[in-house]
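This report concerns only the one structure given below.
2 protein chains.
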Amino acid sequence: MKFTEEDQESALSANYTIRLVENWPELSSKEKVDLFNSLPHGEAEELFYSLSAEDQWELLALLAPYERRHWLRSLPPDDLADLVQAAPEDQKYDILRSLDDKRSGEVMALLAYAEDEAGGLMTPLFLRLKPDMTMEQAIHYLRLQVNSPVGGSGYAYVLDPDQVLVGVISLKELLLAPKTARIQDIMSTKLTMLTETIDQEDVGRIFAESGLHALPVVDHDGRMKGVVTIDDAVEAVAEEATEDIQKMGGMEALEHPYLKVSFFEMIRKRIGWLAILFVGETLTASAMSYYEEHISKVVALALFIPLIISSGGNSGSQASTLIIRALALKEIRLKDWKMVFLRELASGLTFGLVLSLICLLRIVFWPSAQTIYGDHYLLIGIVVSLSVAGVVIWGTVTGAMLPFILRGVGLDPASASTPFVATLVDVTGVTIYFSIAALILGGSLL
Amino acid sequence: MKFTEEDQESALSANYTIRLVENWPELSSKEKVDLFNSLPHGEAEELFYSLSAEDQWELLALLAPYERRHWLRSLPPDDLADLVQAAPEDQKYDILRSLDDKRSGEVMALLAYAEDEAGGLMTPLFLRLKPDMTMEQAIHYLRLQVNSPVGGSGYAYVLDPDQVLVGVISLKELLLAPKTARIQDIMSTKLTMLTETIDQEDVGRIFAESGLHALPVVDHDGRMKGVVTIDDAVEAVAEEATEDIQKMGGMEALEHPYLKVSFFEMIRKRIGWLAILFVGETLTASAMSYYEEHISKVVALALFIPLIISSGGNSGSQASTLIIRALALKEIRLKDWKMVFLRELASGLTFGLVLSLICLLRIVFWPSAQTIYGDHYLLIGIVVSLSVAGVVIWGTVTGAMLPFILRGVGLDPASASTPFVATLVDVTGVTIYFSIAALILGGSLL
Numbered sequence: 131m132k133f134t135e136e137d138q139e140s141a142l143s144a145n146y147t148i149r150l151v152e153n154w155p156e157l158s159s160k161e162k163v164d165l166f167n168s169l170p171h172g173e174a175e176e177l178f179y180s181l182s183a184e185d186q187w188e189l190l191a192l193l194a195p196y197e198r199r200h201w202l203r204s205l206p207p208d209d210l211a212d213l214v215q216a217a218p219e220d221q222k223y224d225i226l227r228s229l230d231d232k233r234s235g236e237v238m239a240l241l242a243y244a245e246d247e248a249g250g251l252m253t254p255l256f257l258r259l260k261p262d263m264t265m266e267q268a269i270h271y272l273r274l275q276v277n278s279p280v281g282g283s284g285y286a287y288v289l290d291p292d293q294v295l296v297g298v299i300s301l302k303e304l305l306l307a308p309k310t311a312r313i314q315d316i317m318s319t320k321l322t323m324l325t326e327t328i329d330q331e332d333v334g335r336i337f338a339e340s341g342l343h344a345l346p347v348v349d350h351d352g353r354m355k356g357v358v359t360i361d362d363a364v365e366a367v368a369e370e371a372t373e374d375i376q377k378m379g380g381m382e383a384l385e386h387p388y389l390k391v392s393f394f395e396m397i398r399k400r401i402g403w404l405a406i407l408f409v410g411e412t413l414t415a416s417a418m419s420y421y422e423e424h425i426s427k428v429v430a431l432a433l434f435i436p437l438i439i440s441s442g443g444n445s446g447s448q449a450s451t452l453i454i455r456a457l458a459l460k461e462i463r464l465k466d467w468k469m470v471f472l473r474e475l476a477s478g479l480t481f482g483l484v485l486s487l488i489c490l491l492r493i494v495f496w497p498s499a500q501t502i503y504g505d506h507y508l509l510i511g512i513v514v515s516l517s518v519a520g521v522v523i524w525g526t527v528t529g530a531m532l533p534f535i536l537r538g539v540g541l542d543p544a545s546a547s548t549p550f551v552a553t554l555v556d557v558t559g560v561t562i563y564f565s566i567a568a569l570i571l572g573g574s575l576l
Numbered sequence: 131m132k133f134t135e136e137d138q139e140s141a142l143s144a145n146y147t148i149r150l151v152e153n154w155p156e157l158s159s160k161e162k163v164d165l166f167n168s169l170p171h172g173e174a175e176e177l178f179y180s181l182s183a184e185d186q187w188e189l190l191a192l193l194a195p196y197e198r199r200h201w202l203r204s205l206p207p208d209d210l211a212d213l214v215q216a217a218p219e220d221q222k223y224d225i226l227r228s229l230d231d232k233r234s235g236e237v238m239a240l241l242a243y244a245e246d247e248a249g250g251l252m253t254p255l256f257l258r259l260k261p262d263m264t265m266e267q268a269i270h271y272l273r274l275q276v277n278s279p280v281g282g283s284g285y286a287y288v289l290d291p292d293q294v295l296v297g298v299i300s301l302k303e304l305l306l307a308p309k310t311a312r313i314q315d316i317m318s319t320k321l322t323m324l325t326e327t328i329d330q331e332d333v334g335r336i337f338a339e340s341g342l343h344a345l346p347v348v349d350h351d352g353r354m355k356g357v358v359t360i361d362d363a364v365e366a367v368a369e370e371a372t373e374d375i376q377k378m379g380g381m382e383a384l385e386h387p388y389l390k391v392s393f394f395e396m397i398r399k400r401i402g403w404l405a406i407l408f409v410g411e412t413l414t415a416s417a418m419s420y421y422e423e424h425i426s427k428v429v430a431l432a433l434f435i436p437l438i439i440s441s442g443g444n445s446g447s448q449a450s451t452l453i454i455r456a457l458a459l460k461e462i463r464l465k466d467w468k469m470v471f472l473r474e475l476a477s478g479l480t481f482g483l484v485l486s487l488i489c490l491l492r493i494v495f496w497p498s499a500q501t502i503y504g505d506h507y508l509l510i511g512i513v514v515s516l517s518v519a520g521v522v523i524w525g526t527v528t529g530a531m532l533p534f535i536l537r538g539v540g541l542d543p544a545s546a547s548t549p550f551v552a553t554l555v556d557v558t559g560v561t562i563y564f565s566i567a568a569l570i571l572g573g574s575l576l
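This is the structure in structure tokens:
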């Protein structure tokens, strides 16, 4: 087992399955089935379990019915629920029907949860113990449970007769405790647990804070419903970030990877915001029509419109991006808005000062300034620089406050997308610019 | 243990520590120390371990020296390494000096790794076994190791005499296997492992694919160096997403949470891109100066400048955001660029068609169209609509291809930030607009 320096990525493929999964999307349907059928059972199993729910369903649909049933029955309930969600509408029922009653009941119960709640992430299978067992009894009891696919969470949960969760014990503790000790004396009663409806965005954070690899999910009476293992949380964290990033880019979040989304679905998710923002942006034309006379008198003013509005857009994008992410990670809370406001106001002032200085130097010292911008190039330079300062301050503060406002009224702060902030700032930016122009050039040029 | 429907968030605080950690940033230094000292040892411990490295250091700095030493020595090497990195430059050495030689050696070894490599995430402590042990011997051997803080990874690793990793066994298997079985007959030899220098971006993905809760880190000769547990991966996934989001917002990635970054550090991270983009955007003024005469003849053309360039900016932002994230998640690869190009070209054509149609209707059917835009409002409407179509197609394709180009030349695709794409598209957008105007209005108005 030797690795070469250059060969980073293939170092991983000491595990054959991972290499297969990486190349999987590139294979044709026929190649997938042939490869899958050619693998020894153990490897086929490993490959199957490491595929995404979509890929699992794609493969199953290609297999013979009896094989499909075999693979379906080998999956634990939470993965089955994902698979049912990934399957086409008209085949969901077929999947459920091919399971035994107990399993299909478990899967239906999981499907009742929203996909992005703790309940939708959990598996209802876990190792359970009773408080008054000895270690020896406990190990015997676990051996009986271990034939069912209980997952590798590494903990056993201690339930009272009403199924209320009263303690947890790690398998390591179980392994190393004296044989005669009782569960209730060794179990930990300090429990971090999740309610069924907690959002998956919070689940990732709670895992990171707790340092545990599995968290129990309980109902409102403290009765244990299942376990969320941390691998589901890793996926959930990445998924939440992807959703936020897509919203911040000015589109609806996609439900599948880029190449798995059909062309028309992709158009549908993107055109909405583009059209809304476009209509919003037409307001700039309306706003500017009030200043048409100014422009016809001093055409040089028109040359700086893109510069002005994009400065506002850029500083606004930056601020909103920063605040949306900090809110998502709970680094800041709704009630911190005042502190953030002051801080971003100070940042905006600094940015405005620096950029307007660059702007002034650029206009005044440009070799051909006088030819391009006319005799009053200095006056125009002052108007543009002041406008840049005003628009940048306005953009920074607006971009920073908009996510708070959205969160405050119960919307997703990530909807304060970069294009949304930019469009909002554009309309006001134009007004700021021409108001300053009217004020300064009023006596002379306009 | 009853939870009310409304009381989602506090349902978690069945675990007292998590509640403490959530309120922690709001406490004054004095309150932190007082609270910490007032807790029973077990709870103080739990609180301390769940704090971030920054918060741990802040607290330690306030404690008496002998107490500080006690807490430092209780930390496992990977957390110590994080703490040393969080501490001010002049105190890093003091921390290392207060550890025993073995531990400070381990910490120094970890500090040699970059923070965002697998080596920087791992702990060098893990449960180890030899291949020829029986289960009974193994459990005895583990009891000897378990006094040191070996972490709860849930696996024991089987090493040959050269420390080369040859197998892995879960504690569950160890717990449930017959006493006389030998490790080598039960251990799994299909290993997923990480090399020391693999990037943390990939670590999260490999965890999700492997479904394991801990992965061994090996050097180039397959010798075991340590273990990355999945909780570190959860944090790494969130961290990588945050870095990408901040870069995509047009700034340098922050190293600490929003409220922990000093004002001047924050300015420094943000002003650079703002200034560069501002200077880039001044090219729009230069480009437009070529068309100054056009504008003076048909002032109405100026009114649509913001609409045109923002349409390009918005469609470009959307496309670049989508592609950057898909590249980061390995949903698409560099070699997929041609397929993405065709797809985004088709998307751009669709968006361009829809938006230019909206545009034409908006200009022609606006009640006061003739008053605002002059007698030739229809001709101007056609110019603007065609320009919108052109700019949107150009923006979509540019936004989608830029991340590929950056990745191709070895830069981070996330640097194709929304403001960067918008600025790039602005300059060309102005040129597209006035070229179309010159072409269509050439005979009549210009």
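In order, the protein sequences belong to chains A and B. Taking my numbering, I'd label the letters of the first sequence as residues 131 to 576. Taking my numbering, I'd label the letters of the second sequence as residues 131 to 576. All residues carry an ideal CB built from backbone N, CA and C; glycine is no exception.
C-alpha gap between residue i and residue j, whole angstroms
i              : j              : result
residue 301(B) : residue 178(B) : 27 angstroms
residue 264(B) : residue 298(B) : 14 angstroms
residue 173(A) : residue 345(B) : 19 angstroms
residue 333(B) : residue 524(B) : 36 angstroms
residue 371(A) : residue 490(A) : 40 angstroms
residue 572(B) : residue 153(A) : 55 angstroms
residue 543(A) : residue 443(B) : 21 angstroms
residue 516(A) : residue 488(A) : 12 angstroms
residue 393(A) : residue 474(B) : 9 angstroms
residue 476(B) : residue 384(A) : 18 angstroms
residue 250(B) : residue 270(A) : 40 angstroms
residue 327(B) : residue 203(B) : 27 angstroms
residue 319(B) : residue 289(B) : 11 angstroms
Contact set for residue i: own chain, Cβ-Cβ below 7 angstroms, skip 5 residues either direction
i              : result
residue 268(B) : 259, 304 and 313
residue 138(A) : Low confidence applies here, because residue 138(A) scores a pLDDT of 39, under 50, leaving its location unreliable and the question unanswered by this model.
Neighbourhood of residue i by C-beta distance below 6 angstroms, restricted to the same chain and skipping five residues each side
i              : result
residue 337(B) : 360 and 363
residue 380(B) : 403, 547 and 549
Bounding residues of the alpha helix (DSSP H) (the contiguous stretch that carries residue i)
i              : result
residue 413(A) : 393-419
residue 179(A) : 171-180
residue 321(A) : It is not in any alpha helix (DSSP H) - residue 321(A) carries neither H nor E in the DSSP assignment.
residue 222(A) : 219-227
residue 259(B) : It is not in any alpha helix (DSSP H) - residue 259(B) instead sits in the beta strand (DSSP E) that spans 257-259.
Supposed close pair residue i, residue j - CB separation, criterion 8 angstroms
i              : j              : result
residue 451(A) : residue 548(A) : 7 angstroms
residue 493(B) : residue 514(B) : 6 angstroms
residue 354(A) : residue 293(A) : 6 angstroms
residue 382(A) : residue 402(A) : 7 angstroms
residue 441(A) : residue 408(B) : 6 angstroms
Close-in-space but distant-in-sequence residues of the same chain around residue i (CB under 8 angstroms, 5 per side omitted)
i              : result
residue 237(B) : 207, 210, 211, 214, 226 and 229
residue 574(A) : 506 and 509
residue 454(A) : 374, 378, 533, 543, 544 and 546
Limits of the unbroken beta strand (DSSP E) element including residue i
i              : result
residue 296(B) : 295-300
residue 286(B) : 285-289
residue 346(B) : 344-348
residue 460(B) : Taken as a continuous stretch (DSSP letters only), residue 460(B) belongs to no beta strand (DSSP E), as it is neither H nor E.
>> Short of 9 angstroms Cβ to Cβ, which residues in the segment 470-498 of chain B face chain A?
In response: 470, 473, 476, 477, 480, 481, 484, 485, 488, 489, 492, 493, 496 and 498
>> To be precise: take each residue of the segment 324-344 of chain B, compare its Cβ to all Cβ atoms of chain A, and keep it if any distance is under 9 angstroms. Which residues remain?
In response: 324, 325, 327, 328, 329, 332, 334, 335, 336, 337, 338, 339, 340, 341, 342, 343 and 344
> In chain order, what residues of the segment 194-228 of chain A put their CB closer than 9 angstroms to some CB of chain B?
Replying inline: none
>> Using a Cβ-Cβ cutoff of 8 angstroms, what residues of the segment 354-365 of chain B are near chain A? List them in chain order.
In response: 359, 360, 361, 363, 364 and 365
> Listed in chain order, which residues of the segment 550-568 of chain A have Cβ atoms closer than 7 angstroms to some Cβ of chain B?
Replying inline: 552, 553, 556 and 560
> At a Cβ cut of 7 angstroms, what residues of the segment 433-454 of chain B count as close to chain A, listed as they run along the chain?
Replying inline: 433, 434, 435, 436, 437, 439, 440, 441, 443, 444, 445, 447, 448, 451 and 452
> Quick one, which residues of the segment 367-385 of chain B are near chain A if we go by CB-CB under 9 angstroms, in chain order?
Replying inline: 367, 368, 370, 371, 372, 374, 375, 376, 378, 379, 380, 381 and 384
> Given a limit of 8 angstroms on CB to CB distance, which residues of the segment 394-414 of chain B reach chain A?
Replying inline: 396, 397, 400, 401, 403, 404, 405, 407, 408, 409, 411, 412 and 414
> Looking at chain A, which residues of the segment 249-272 of chain B have a Cβ within less than 9 angstroms of any of its Cβ atoms?
Replying inline: 257, 269 and 272
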